[in-house]
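For the sequence shown, the tail end lands on 330 under full-length UniProt numbering, and the numbers increase by one without skipping. The beta carbon of each residue, even a glycine, is placed where N, CA and C say it ideally should be. Report on the structure given below.
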Amino acid sequence: MTVPQEDAVPRSVSVVLPSYRRIDRVSPLVEEYLRQGADQVIVILDGPHPGWEGSLSGILASERVTVAELPANVGLARARIEGLNRAHADIVMAVDDDVEPETGLLDAHRRFHAPLGDRVLQGYMPVALPARRGADDAPTFLYARDYEAQARVWDAGDSDLILASLWGGNVSLPRGLYQRAEELRPSVRLEYNEDLDLGIRLQMLGAQATFDRRAAARHHHDRGVDAFLAECLARGGAVSTLEHRWGRRPPQLTPLVEISPTYNRALARVQRAIAARDDRGVVEAALVALYRVAGRMHAWRVQDGVARVLRRALIMRGYRLTATAFPTNV
């Protein structure tokens with residue numbers, strides 16, 4: 001009898017799907033991962049979701065589905081670890097509840113891990129842009145451009161570059177490797193860049209990463225300007241928290257919190273003025289008003305420019321406010 005080689009053995013896959021206040025998205029996603037052959041789908045409800053049993057009744061009958069409701073919201077990184085602790089397959093796919101798998105996604109991850117080792121697959125998940133741009137869609141269009149620019153960097157195939165800019169939502173790795181990363185330094189709550197924090201730990205463990213556009217999904221990103229500005233504050237706080245956690249700042253985050261000497265001086269003064277305040281002032285309010293007027297007039301370039309100015313200003317504010325809680329030497 002011929003003994004199958006290790007690299008010919010199909011790997012079992014556990015899909016870990018955290019969700020917070022988007023329970024309507026969960027059942028269709030779980031059904032699709034089951035249809036694609038997931039050995040286990042673990043749904044982590046990140047905090048109380050009253051009535052979730054009724055909302056998810058259609059998927060609870062499957063023996064391949066595990067649903068856990070956490071007593072309190074712990075953030076995406078720690079919710080994923082709750083899923084990891086319940087996983088039993090060889091491979092863990094860490095996915096998001098606003099990422100819709102394309103046909104063949106799970107098989108692409110499974111095939112990649114056939115030769116089991118300390119390997120990470122970064123899948124492709126372009127933003128599902130609306131056919132017609134709306135008046136408050138600038139954050140989504142900016143995000144889509146940023147993502148495609150990052151994907152072009154990943155195309156070069158450099159493992160360290162991929163791990164140093166790991167982008168969660170469509171990522172897989174061996175369960176044992178994920179557990180070792182958690183043993184190296186346990187996950188903490190980060191309101192942004194929790195995937196980068198994992199990438200840093202995986203680099204330290206010597207993992208090798210690959211980007212594959214064929215492992216495809218669609219990201220249903222949805223942010224209006226108010227949610228966008230709140231997210232920017234959180235991003236700045238996350239940069240500061242990462243500095244404190246690792247004793248250094250990931251270099252790709254520096255342009256978010258430091259203004260280049262070559263940047264437009266007038267815009268730099270505007271950003272510094274906004275960042276120096278603890279709350280919204282006249283300048284920020286005026287820019288938000290301009291953003292809204294530009295959206296109504298379909299002046300997309302103006303709206304995008306305003307959104308970019310506000311983005312760094314609010315990130316810088318969030319960075320400053322968080323840094324005061326634990327000063328670093330960075």
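Would you call the segment 269-284 and the segment 196-204 touching, i.e. three or more CB-CB distances under 8 Å?
no
If you measure between the beta carbons of valine 239 and glutamine 271, is that distance less than 8 Å?
no
Does the segment 214-221 come close enough to the segment 97-107 that 3 or more CB-CB pairs lie under 8 Å?
yes
Whole angstroms is fine: what's the gap from tryptophan 246's alpha carbon to glycine 224's?
In a straight line, the C-alpha of tryptophan 246 is about 32 Å away from that of glycine 224.
Can you list, in chain order, the residues of its chain whose CB lies under 8 Å from that of leucine 161, leaving out five sequence neighbours each side?
Val153 and Trp154
Give the range of the beta strand (DSSP E) segment to which aspartate 212 is assigned.
Counting along the chain, the beta strand (DSSP E) containing aspartate 212 begins and ends at 208-219.
Whose CA, out of Arg145, Leu321 and Pro18, lies closest to the CA of histidine 49?
Pro18
Residue range of the beta strand (DSSP E) that serine 172 falls in?
In the DSSP annotation of this structure, the continuous segment of the beta strand (DSSP E) that includes serine 172 starts and ends at 170-174.
Could you give the first and the last residue of the continuous alpha helix (DSSP H) run that contains glutamine 271?
DSSP places glutamine 271 inside the alpha helix (DSSP H), whose first and last residues are 265-276.
How should aspartate 39 be labelled, buried or exposed, when 16 other C-beta atoms within 10 angstroms of its C-beta is the threshold for buried?
Flag for aspartate 39 reads buried.
Exposed or buried, which one is glutamate 53 when buried takes at least 16 other CB atoms within 10 Å?
exposed
From which residue to which residue does the alpha helix (DSSP H) around proline 139 run?
138-154
For arginine 280, which of helix, strand or coil comes out of DSSP?
coil
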